[in-house]
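As C-alpha coordinates, the structure follows; a few thoughts come after it.
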Amino acid sequence: MCLGVFGTASPGFAADRANGDVISQLQSQGWTIVNDGVLKRELRAGEVEYFVFGVKGFTWKLDDLRMQYRRLEIAYRATPTAELKAAIANHRKEIGSTMRMIQRARSAEQQGLADLPKDSCQINFNYDAAASWKTGVQGVWAEGKAGFSATCPGFAGEVYAYAYAQVTVNGGPVTKTLTDGPRSGANVSAYAYADLNGGSPCESYAYASMTSSNLYPSSYSKAADNTLCPPQNLAVSITSGSTLVDLRTVTCKSVTWTAAGSGGTGVYISYTWTFDGYAYATTTTGSYTTTICRGDWSGGFTLGVTVKDSSNATASTSRWVSVLEPTCSDPCLCGLVSTNKYVQPICP
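The sequence shown begins at 51 in our numbering and counts up by one.
Rendered as C-alpha coordinates:
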(Lines of atoms letter the chains of each structure in order from A; the text may use other names.)
(Lines give C-alpha, C1' and ligand atoms only; values in the text may rest on other atoms or scores of the structure.)
Protein backbone atom coordinates (compact mmCIF):
# COMPACT_ATOMS: atom_id res chain seq x y z
CA MET A 51 0.00 0.00 0.00
CA CYS A 52 1.36 3.42 -0.94
CA LEU A 53 -0.14 6.72 0.28
CA GLY A 54 0.68 10.38 0.12
CA VAL A 55 1.53 11.84 3.51
CA PHE A 56 -1.26 13.79 5.13
CA GLY A 57 -1.69 15.33 8.50
CA THR A 58 -4.14 15.59 11.32
CA ALA A 59 -7.82 16.21 10.90
CA SER A 60 -10.50 18.37 12.43
CA PRO A 61 -13.82 16.75 13.50
CA GLY A 62 -15.38 17.50 10.12
CA PHE A 63 -12.38 16.23 8.18
CA ALA A 64 -13.97 13.21 6.51
CA ALA A 65 -16.96 15.11 5.17
CA ASP A 66 -15.08 18.20 4.01
CA ARG A 67 -12.45 16.58 1.81
CA ALA A 68 -12.57 16.94 -1.96
CA ASN A 69 -13.32 13.89 -4.12
CA GLY A 70 -9.74 13.65 -5.33
CA ASP A 71 -8.08 13.52 -1.92
CA VAL A 72 -6.59 10.63 0.03
CA ILE A 73 -9.82 9.73 1.85
CA SER A 74 -11.73 9.47 -1.41
CA GLN A 75 -8.92 7.39 -2.85
CA LEU A 76 -9.14 5.00 0.09
CA GLN A 77 -12.91 4.78 -0.21
CA SER A 78 -12.57 3.85 -3.86
CA GLN A 79 -10.37 0.95 -2.72
CA GLY A 80 -13.03 -0.45 -0.40
CA TRP A 81 -12.31 1.50 2.79
CA THR A 82 -15.21 2.85 4.85
CA ILE A 83 -15.25 5.61 7.47
CA VAL A 84 -16.18 4.09 10.83
CA ASN A 85 -15.30 7.06 13.02
CA ASP A 86 -13.63 10.42 12.78
CA GLY A 87 -10.02 9.61 11.91
CA VAL A 88 -10.69 5.88 11.45
CA LEU A 89 -11.15 3.96 8.19
CA LYS A 90 -11.76 0.23 7.93
CA ARG A 91 -11.55 -2.40 5.22
CA GLU A 92 -12.28 -6.14 5.34
CA LEU A 93 -11.25 -7.92 2.16
CA ARG A 94 -11.82 -11.40 3.59
CA ALA A 95 -13.48 -12.91 6.64
CA GLY A 96 -11.44 -12.67 9.82
CA GLU A 97 -8.95 -10.14 8.43
CA VAL A 98 -9.53 -6.43 9.07
CA GLU A 99 -7.42 -3.40 8.10
CA TYR A 100 -7.53 0.01 9.78
CA PHE A 101 -6.12 3.39 8.83
CA VAL A 102 -6.09 6.05 11.57
CA PHE A 103 -4.99 9.68 11.80
CA GLY A 104 -5.40 12.62 14.13
CA VAL A 105 -6.23 12.63 17.83
CA LYS A 106 -9.46 10.69 17.46
CA GLY A 107 -7.91 8.10 15.18
CA PHE A 108 -4.98 7.41 17.49
CA THR A 109 -7.29 7.38 20.52
CA TRP A 110 -9.24 4.61 18.81
CA LYS A 111 -5.98 2.74 18.17
CA LEU A 112 -4.98 3.14 21.82
CA ASP A 113 -8.26 1.54 22.93
CA ASP A 114 -7.68 -1.34 20.50
CA LEU A 115 -4.15 -1.92 21.84
CA ARG A 116 -5.45 -1.93 25.40
CA MET A 117 -7.96 -4.65 24.51
CA GLN A 118 -5.10 -6.71 23.07
CA TYR A 119 -3.12 -6.05 26.24
CA ARG A 120 -5.94 -7.46 28.37
CA ARG A 121 -5.88 -10.61 26.27
CA LEU A 122 -2.16 -10.99 26.94
CA GLU A 123 -2.66 -10.45 30.66
CA ILE A 124 -5.34 -13.17 30.80
CA ALA A 125 -3.06 -15.57 28.94
CA TYR A 126 -0.16 -14.75 31.28
CA ARG A 127 -2.25 -15.41 34.38
CA ALA A 128 -3.19 -18.82 32.97
CA THR A 129 0.35 -19.73 31.82
CA PRO A 130 3.01 -17.30 33.13
CA THR A 131 5.80 -17.97 30.63
CA ALA A 132 8.88 -15.85 29.91
CA GLU A 133 7.68 -15.58 26.32
CA LEU A 134 4.38 -13.98 27.37
CA LYS A 135 6.17 -11.69 29.82
CA ALA A 136 8.36 -10.38 26.99
CA ALA A 137 5.32 -9.92 24.74
CA ILE A 138 3.54 -7.90 27.44
CA ALA A 139 6.61 -5.67 27.87
CA ASN A 140 6.77 -4.97 24.12
CA HIS A 141 3.03 -4.32 23.97
CA ARG A 142 3.39 -1.74 26.74
CA LYS A 143 6.01 0.02 24.62
CA GLU A 144 3.59 0.11 21.67
CA ILE A 145 0.88 1.56 23.91
CA GLY A 146 3.32 4.22 25.14
CA SER A 147 4.29 5.07 21.58
CA THR A 148 0.63 5.46 20.59
CA MET A 149 0.06 7.83 23.51
CA ARG A 150 2.95 9.95 22.22
CA MET A 151 1.34 9.99 18.75
CA ILE A 152 -1.86 11.34 20.32
CA GLN A 153 0.12 14.20 21.88
CA ARG A 154 1.86 14.88 18.58
CA ALA A 155 -1.43 14.93 16.70
CA ARG A 156 -2.99 17.21 19.34
CA SER A 157 -0.07 19.62 19.05
CA ALA A 158 -0.45 19.73 15.27
CA GLU A 159 -4.16 20.45 15.55
CA GLN A 160 -3.57 23.22 18.09
CA GLN A 161 -1.05 24.82 15.74
CA GLY A 162 -3.55 24.62 12.90
CA LEU A 163 -1.16 22.72 10.65
CA ALA A 164 -2.56 21.90 7.24
CA ASP A 165 -3.85 18.43 6.57
CA LEU A 166 -3.45 18.48 2.79
CA PRO A 167 -1.60 15.59 1.13
CA LYS A 168 2.03 16.13 0.25
CA ASP A 169 2.19 14.17 -2.98
CA SER A 170 5.97 14.53 -3.23
CA CYS A 171 6.38 12.13 -0.32
CA GLN A 172 5.25 8.54 -0.53
CA ILE A 173 4.86 6.07 2.34
CA ASN A 174 4.82 2.36 1.60
CA PHE A 175 2.95 0.19 4.06
CA ASN A 176 3.72 -3.51 3.71
CA TYR A 177 1.68 -5.88 5.78
CA ASP A 178 0.47 -9.45 6.22
CA ALA A 179 -1.20 -10.34 9.58
CA ALA A 180 -2.66 -13.68 8.44
CA ALA A 181 -4.05 -16.25 10.89
CA SER A 182 -5.57 -19.65 10.18
CA TRP A 183 -5.56 -23.37 10.96
CA LYS A 184 -2.99 -25.91 9.84
CA THR A 185 -3.47 -28.49 7.13
CA GLY A 186 -1.98 -31.96 7.42
CA VAL A 187 -1.94 -31.71 11.20
CA GLN A 188 -4.43 -30.22 13.64
CA GLY A 189 -3.34 -26.86 14.97
CA VAL A 190 -3.22 -23.11 14.33
CA TRP A 191 -0.77 -20.46 13.15
CA ALA A 192 -0.52 -16.66 13.12
CA GLU A 193 1.97 -14.52 11.24
CA GLY A 194 2.12 -10.75 11.78
CA LYS A 195 4.79 -8.89 9.68
CA ALA A 196 4.73 -5.11 9.17
CA GLY A 197 6.85 -2.98 6.79
CA PHE A 198 7.12 0.80 6.30
CA SER A 199 9.40 2.83 4.09
CA ALA A 200 9.27 6.50 3.10
CA THR A 201 10.82 8.52 0.29
CA CYS A 202 11.01 11.72 2.34
CA PRO A 203 14.46 12.69 3.65
CA GLY A 204 14.57 12.44 7.42
CA PHE A 205 11.14 10.84 7.57
CA ALA A 206 10.78 8.02 10.14
CA GLY A 207 8.18 5.43 10.96
CA GLU A 208 7.53 2.81 13.60
CA VAL A 209 6.57 -0.86 13.16
CA TYR A 210 5.20 -3.49 15.51
CA ALA A 211 4.09 -7.10 15.00
CA TYR A 212 2.35 -9.53 17.32
CA ALA A 213 1.35 -13.19 16.86
CA TYR A 214 -0.59 -15.37 19.29
CA ALA A 215 -1.55 -19.06 19.11
CA GLN A 216 -3.51 -21.22 21.55
CA VAL A 217 -4.56 -24.88 21.35
CA THR A 218 -5.71 -27.60 23.72
CA VAL A 219 -3.35 -30.47 24.53
CA ASN A 220 -4.25 -33.25 26.97
CA GLY A 221 -7.30 -31.29 28.10
CA GLY A 222 -5.44 -28.07 28.93
CA PRO A 223 -4.53 -24.85 27.08
CA VAL A 224 -1.11 -24.31 25.52
CA THR A 225 -0.15 -20.85 24.24
CA LYS A 226 2.60 -19.26 22.20
CA THR A 227 3.09 -15.51 21.78
CA LEU A 228 5.76 -13.64 19.83
CA THR A 229 6.28 -9.94 19.19
CA ASP A 230 8.67 -7.90 17.07
CA GLY A 231 9.24 -4.25 17.90
CA PRO A 232 8.22 -1.59 18.30
CA ARG A 233 11.20 -0.17 16.42
CA SER A 234 11.68 2.92 14.29
CA GLY A 235 13.49 4.05 11.16
CA ALA A 236 13.09 5.29 7.62
CA ASN A 237 13.16 1.76 6.23
CA VAL A 238 12.09 -0.75 8.85
CA SER A 239 10.31 -4.08 8.93
CA ALA A 240 9.04 -6.58 11.49
CA TYR A 241 8.05 -10.22 11.80
CA ALA A 242 6.37 -12.42 14.40
CA TYR A 243 5.19 -15.99 13.77
CA ALA A 244 3.52 -18.34 16.24
CA ASP A 245 2.16 -21.83 15.61
CA LEU A 246 1.06 -24.79 17.71
CA ASN A 247 -0.17 -28.31 17.16
CA GLY A 248 -3.22 -29.30 19.17
CA GLY A 249 -6.98 -29.51 19.31
CA SER A 250 -10.03 -27.43 20.04
CA PRO A 251 -10.78 -25.02 21.66
CA CYS A 252 -8.12 -23.08 19.81
CA GLU A 253 -7.35 -19.60 18.55
CA SER A 254 -4.78 -17.68 16.56
CA TYR A 255 -4.40 -13.92 16.25
CA ALA A 256 -1.99 -11.77 14.27
CA TYR A 257 -1.46 -8.02 14.33
CA ALA A 258 0.81 -5.68 12.38
CA SER A 259 1.07 -1.91 12.79
CA MET A 260 2.98 0.79 10.90
CA THR A 261 3.00 4.42 12.02
CA SER A 262 4.39 7.49 10.27
CA SER A 263 5.70 9.61 13.11
CA ASN A 264 6.11 13.01 11.48
CA LEU A 265 4.26 16.17 12.55
CA TYR A 266 1.11 14.74 10.98
CA PRO A 267 1.07 11.18 12.33
CA SER A 268 -1.00 8.45 10.71
CA SER A 269 -1.04 4.71 11.21
CA TYR A 270 -1.98 1.62 9.29
CA SER A 271 -2.75 -1.67 11.06
CA LYS A 272 -4.06 -5.07 10.12
CA ALA A 273 -5.47 -7.78 12.37
CA ALA A 274 -6.43 -11.38 11.64
CA ASP A 275 -8.35 -13.68 13.97
CA ASN A 276 -9.05 -17.41 13.70
CA THR A 277 -10.90 -19.73 16.09
CA LEU A 278 -10.88 -22.94 14.05
CA CYS A 279 -8.54 -25.94 14.07
CA PRO A 280 -10.37 -28.75 12.25
CA PRO A 281 -9.09 -32.25 13.03
CA GLN A 282 -6.91 -33.88 10.40
CA ASN A 283 -6.92 -37.59 9.60
CA LEU A 284 -4.61 -39.41 12.00
CA ALA A 285 -2.29 -42.04 10.52
CA VAL A 286 0.76 -44.06 11.53
CA SER A 287 3.39 -45.91 9.53
CA ILE A 288 6.31 -48.20 10.41
CA THR A 289 9.21 -46.30 8.90
CA SER A 290 12.15 -48.58 9.70
CA GLY A 291 12.96 -52.02 11.04
CA SER A 292 13.45 -55.46 9.56
CA THR A 293 10.72 -57.57 7.99
CA LEU A 294 12.96 -60.65 8.40
CA VAL A 295 14.56 -61.98 11.60
CA ASP A 296 17.15 -64.68 10.81
CA LEU A 297 17.76 -67.05 13.75
CA ARG A 298 19.43 -69.84 11.81
CA THR A 299 22.85 -69.13 13.27
CA VAL A 300 21.92 -67.41 16.54
CA THR A 301 19.52 -68.27 19.31
CA CYS A 302 18.18 -64.73 19.88
CA LYS A 303 18.44 -61.39 18.12
CA SER A 304 17.70 -57.81 19.19
CA VAL A 305 15.44 -55.99 16.74
CA THR A 306 14.32 -52.33 16.60
CA TRP A 307 11.33 -50.89 14.77
CA THR A 308 10.40 -47.23 14.38
CA ALA A 309 6.95 -45.77 13.71
CA ALA A 310 5.84 -42.21 12.92
CA GLY A 311 2.46 -40.59 13.42
CA SER A 312 1.03 -38.02 11.02
CA GLY A 313 -2.07 -35.84 10.97
CA GLY A 314 -4.33 -35.69 13.99
CA THR A 315 -3.36 -33.04 16.51
CA GLY A 316 0.32 -33.43 15.68
CA VAL A 317 1.03 -34.24 19.34
CA TYR A 318 1.50 -38.02 19.68
CA ILE A 319 1.42 -39.23 23.26
CA SER A 320 1.89 -43.00 22.86
CA TYR A 321 2.74 -45.87 20.52
CA THR A 322 1.44 -49.33 21.48
CA TRP A 323 3.22 -52.29 19.84
CA THR A 324 1.49 -55.64 19.32
CA PHE A 325 2.57 -59.13 18.21
CA ASP A 326 -0.21 -61.13 16.55
CA GLY A 327 -2.72 -58.76 18.14
CA TYR A 328 -1.37 -58.94 21.70
CA ALA A 329 0.03 -55.75 23.24
CA TYR A 330 3.67 -56.09 24.29
CA ALA A 331 4.81 -52.53 24.96
CA THR A 332 3.72 -48.88 24.98
CA THR A 333 6.29 -46.18 24.29
CA THR A 334 6.16 -42.40 24.25
CA THR A 335 8.41 -42.27 21.21
CA GLY A 336 8.04 -44.11 17.94
CA SER A 337 10.97 -46.46 18.63
CA TYR A 338 10.65 -49.98 20.08
CA THR A 339 13.40 -52.55 20.70
CA THR A 340 12.84 -56.18 21.73
CA THR A 341 14.56 -59.56 21.55
CA ILE A 342 13.26 -62.33 19.28
CA CYS A 343 14.35 -65.89 20.17
CA ARG A 344 14.00 -69.32 18.62
CA GLY A 345 10.69 -70.97 19.34
CA ASP A 346 8.91 -67.69 20.14
CA TRP A 347 7.43 -66.99 16.73
CA SER A 348 7.84 -69.96 14.44
CA GLY A 349 7.53 -68.78 10.86
CA GLY A 350 6.80 -65.17 11.77
CA PHE A 351 4.26 -62.82 13.30
CA THR A 352 2.13 -59.75 12.57
CA LEU A 353 3.77 -56.66 14.03
CA GLY A 354 1.27 -53.90 14.81
CA VAL A 355 1.49 -50.39 16.19
CA THR A 356 -1.24 -48.01 17.36
CA VAL A 357 -0.58 -44.30 17.80
CA LYS A 358 -2.63 -42.05 20.08
CA ASP A 359 -2.66 -38.24 19.77
CA SER A 360 -3.46 -35.59 22.36
CA SER A 361 -7.18 -35.73 21.56
CA ASN A 362 -7.16 -39.50 22.30
CA ALA A 363 -7.76 -40.36 18.66
CA THR A 364 -5.98 -43.53 17.49
CA ALA A 365 -4.71 -45.01 14.25
CA SER A 366 -3.07 -48.38 13.58
CA THR A 367 -0.99 -50.17 11.01
CA SER A 368 0.73 -53.57 10.78
CA ARG A 369 3.21 -55.62 8.77
CA TRP A 370 4.29 -59.23 8.55
CA VAL A 371 7.70 -60.11 10.00
CA SER A 372 9.20 -63.46 8.93
CA VAL A 373 11.29 -65.48 11.39
CA LEU A 374 13.79 -68.00 9.99
CA GLU A 375 14.88 -70.89 12.24
CA PRO A 376 17.00 -74.02 11.55
CA THR A 377 15.12 -77.03 10.17
CA CYS A 378 17.48 -79.50 11.95
CA SER A 379 17.85 -81.58 8.79
CA ASP A 380 21.33 -80.12 8.44
CA PRO A 381 23.55 -80.33 11.56
CA CYS A 382 25.54 -77.40 10.25
CA LEU A 383 22.39 -75.25 10.63
CA CYS A 384 20.91 -76.84 13.74
CA GLY A 385 23.97 -77.11 15.97
CA LEU A 386 23.38 -77.62 19.66
CA VAL A 387 21.20 -75.51 21.89
CA SER A 388 22.57 -75.44 25.42
CA THR A 389 21.82 -72.92 28.21
CA ASN A 390 20.13 -70.67 25.67
CA LYS A 391 23.30 -70.38 23.61
CA TYR A 392 23.75 -71.59 20.10
CA VAL A 393 26.83 -73.76 19.47
CA GLN A 394 27.85 -73.90 15.83
CA PRO A 395 29.20 -77.40 14.95
CA ILE A 396 32.32 -77.85 12.89
CA CYS A 397 31.19 -78.66 9.38
CA PRO A 398 33.32 -79.95 6.54
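Backbone N, C-alpha and C define an ideal beta-carbon position, used for all residues, glycine too.
Model, not experiment: these values are computed from the prediction.
May I ask you to report which of helix, strand or coil DSSP gives Gln216?
strand
Sort Thr148, Thr377 and Arg94 by Cα distance to Arg344 and report the nearest one.
Selection Thr148, Thr377 and Arg94 evaluated against Arg344 yields Thr377 as nearest (Cα-Cα).
Would you kindly report the start and end of the unbroken alpha helix (DSSP H) that includes Leu134?
Ala132 to Gln160
Report yes or no: do the region 195-206 and the region 300-308 share at least 3 C-beta pairs separated by less than 8 Å?
No contact exists between the region 195-206 and the region 300-308.
Nearest to Gly80 by alpha carbon, out of Lys90, Cys279 and Asp113?
Minimum Cα distance to Gly80 is reached at Lys90.
Rounding to the nearest angstrom, what Cα-Cα distance links Cys252 and Ser182 in this structure?
11 Å
Is it right to say Gln188 is buried, meaning 16 or more other beta carbons lie within 10 angstroms of its own, or is it exposed?
buried
Between the C-alpha atoms of Glu159 and Asn276, what's the straight-line distance to the nearest angstrom?
38 Å
Output the distance between the C-alpha atoms of Ser368 and Gln216, rounded to the nearest integer angstrom.
34 Å
Taking the alpha-carbon positions, what's the Ala200 to Gln75 distance?
19 Å
Would you grab the beta carbon distance between Lys111 and Thr148 for me? Rounded to a whole angstrom, and I think it's under 8 Å.
6 Å
Per DSSP, Asp275 is paired with what?
Tyr255
Could you please give the first and the last residue of the uninterrupted alpha helix (DSSP H) stretch that includes Arg116?
Run containing Arg116: Gly104 to Ala128, per the alpha helix (DSSP H) assignment.
Out of Asp71, Thr261 and Trp370, state which residue places its alpha-carbon closest to the alpha-carbon of Asn176.
Thr261
Of the choices Thr356, Val371 and Ser372, whose alpha-carbon is the least far from that of Ala365?
That would be Thr356, whose Cα lies nearest to the Cα of Ala365.
Local conformation of Ser348 per DSSP, three classes:
Coil at Ser348, not helix or strand.
Check each candidate in Gly350, Thr225 and Ser312 and name the one with the smallest Cα separation from Asp359.
Ser312
Whole-angstrom C-beta distance between Leu115 and Ile145, which should lie under 8 Å:
5 Å
Beta-carbon gap between Phe101 and Tyr338 smaller than 7 Å
Cβ distance not < 7 Å, so Phe101 and Tyr338 don't count as in contact.
How would you write the range of the alpha helix (DSSP H) that Ser78 sits in, first residue to last?
Val72 to Ser78
Proximity winner among Ala213, Gly204 and Ala256, relative to Glu97 (alpha-carbon distances):
When only C-alpha atoms are compared, the closest one is Ala256.
Where Ser263 falls: helix, strand or coil (DSSP)
In the structure shown, Ser263 sits in coil (DSSP, three-state: anything other than H, G, I, E or B).
Alpha-carbon to alpha-carbon, Thr335 and Gly350:
25 Å
With distances taken between CB atoms, is the gap from Pro267 to Arg142 smaller than 7 Å?
no
Do you know how far the Cα of Trp323 is from the Cα of Tyr330?
6 Å
Anticipated Cβ contact below 8 Å, Thr227 with Ala244, distance rounded
6 Å
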